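Comments concern the structure below.
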Amino acid sequence: MRKNLYLLVAFLLIAVLFTGCSKPVKQTGTLFLTFSIPQGTSEYPALPPHADRALSHDGGQRPIPAGSTTLNVAVYNKTTNWSTKTAIPVDTDQTTATTQVTNIPVGSNYTVEVIPTDSAPTAIAMGRTDGIVVQSGISTSATLTVTKFQALKISCPATVEPLSPLAVSLSLCSPVSLDSADLTNVRASLVDNVDNPTISGSFDLFSATTQSLPAGSWVDWNIEDNVPDVVGTYYLLGVGMKYTQPVTNSLYSLFFLLDTPPAVVVETVETGAITIVVE
């Protein structure tokens, strides 16, 4: 009888050990994503080589460059600090793109972010959807629209002297909210040739401050910095900034482009001289 009792206790201990050592099955779900890519009459405007490292120089409106490019797709969760990334090749004529992201831990408050870029990576558009719930064994669908960053000129001097302060004011609108903590290196870019800018023929004015951009709201931004020792006619393309994507920590260069770049003439102003003759 006592032997049987010992055997029963031994079997129970073995069962407890096996149960304690076994890992619970991690529940995951799937996201099926569809991206809408607006069409335009032409392609990416030219940007200075130091900013974009050889983008297409066709000048225009569409939020992805000419030829094949990449949609950078990220799924992340700020609460759990989980993230995954994938890249989708996209051709010029595509109006939509799709992808499927699997093995996402079950949970809520997921964010899907899509940023079309070149290899730099520089982007003039973005799309995002927040608050996505991922359920076990269920494929959740989400649709995003890629929308351009917008910029309007408020004020920009027509002339300025070399090595003197130049202050420009623009109003910026982002299709998604951008937190100031994720933005750095805010600058206004000026080039000597809108269609084919060069490194030697362009310069930046750096902003001393950074502020948040609420989704779909116009925010005024004042930038003042000294002009380098140059002369000639330059064109204000717009405002660029570095964006660190939450959780993934991926770095992108976002550009808010003006539809019509205003001209700024940098020239030395001759001062009148008075000659006094004493006889």
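Note that my numbering has the sequence shown beginning at 216, numbered continuously upward.
The C-beta atom is built at its ideal place from N, Cα and C for all residues, glycine as well.
Keep in mind the model is a prediction, meaning the values are calculated, not measured.
Worksheet item: From the DSSP output, which residues share a beta bridge with residue 320?
Response: Start at 1 with the first residue of the sequence shown, and residue 320 comes out as number 105. DSSP output for residue 320 lists 243 as bridge partner(s).
Worksheet item: Name the DSSP bridge partner or partners of residue 437?
Response: Counting from 1 along the sequence shown, the entry for residue 437 is found at position 222. DSSP output for residue 437 lists 384 as bridge partner(s).
Discussion item. Suppose the cutoff is 8 Å on Cβ atoms and the five residues either side in sequence are ignored; what does the same chain contact list for residue 305 look like?
Written reply: Start at 1 with the first residue of the sequence shown, and residue 305 comes out as number 90. 252, 279, 283, 284, 285, 286, 312, 331, listed in sequence order.
Worksheet item: Where residue 433 and residue 393 are concerned, what is the direct C-alpha to C-alpha distance, given to the nearest angstrom?
Response: Numbered from 1 along the sequence shown, position 218 holds the residue referred to as residue 433. Numbered from 1 along the sequence shown, position 178 holds the residue referred to as residue 393. Taking the straight line joining both Cα atoms gives about 12 Å.
Practice prompt. For residue 468, write down the residues that DSSP places opposite it in a beta bridge.
Written response: In the sequence shown, the residue the question calls residue 468 occupies position 253. Looking at the DSSP assignment, residue 468 forms a beta bridge with 337, 457.
Worksheet item: What separation, rounded to the nearest whole angstrom, lies between the Cα atoms of residue 356 and residue 291?
Response: Walking along the sequence shown from the start, residue 356 turns up at place 141. Walking along the sequence shown from the start, residue 291 turns up at place 76. Straight-line Cα distance between these residues: approximately 16 Å.
Practice prompt. Would you please state the rounded distance, in angstroms, between the beta carbons of residue 405 and residue 417? I believe it to be under 8 Å.
Written response: Position 190 of the sequence shown, counting from 1, holds the residue named residue 405. Position 202 of the sequence shown, counting from 1, holds the residue named residue 417. At roughly 6 Å, the Cβ-Cβ gap stays under 8 Å, so residue 405 and residue 417 are in contact.
Discussion item. Can you tell me which residues form a DSSP beta bridge with residue 404?
Written reply: Working through the sequence shown from its first residue, we reach residue 404 at position 189. Note: residue 404 sits in a beta bridge opposite 419, 453.
Practice prompt. Give the secondary structure of residue 395 by DSSP, where H, G and I count as helix, E and B as strand, and everything else as coil.
Written response: Locating residue 395 in the sequence shown gives position 180, counting from the first residue. DSSP places residue 395 in helix when its eight states are reduced to three.
Worksheet item: Looking at C-beta atoms only, is the number of pairs between the segment 366–383 and the segment 471–480 that lie closer than 8 Å three or more?
Response: Yes, since at least three Cβ pairs between the segment 366–383 and the segment 471–480 fall closer than 8 Å, the two stretches touch.
Worksheet item: Alpha carbon to alpha carbon, what distance is there between residue 459 and residue 407?
Response: Working through the sequence shown from its first residue, we reach residue 407 at position 192. Working through the sequence shown from its first residue, we reach residue 459 at position 244. If I take the Cα positions, the gap works out to 29 Å.
Worksheet item: How would you label residue 337, buried or exposed, when you count the other beta carbons within 10 angstroms and need 16 or more for buried?
Response: Residue 337 sits at position 122 when you count from the first residue of the sequence shown. The residue is buried, with at least 16 neighbouring Cβ atoms inside 10 Å.
Discussion item. Using 8 Å as the cut-off, can you tell me whether the segment 455–473 makes contact with the segment 349–367, which would need three or more C-beta pairs spanning the two stretches below that distance?
Written reply: Yes, they touch.
Worksheet item: Which residue comes first and which comes last in the beta strand (DSSP E) that contains residue 481?
Response: Residue numbering aside, residue 481 sits at position 266 when the sequence shown is read from its first letter. Residue 481: member of the beta strand (DSSP E) spanning 478–481, first to last residue.
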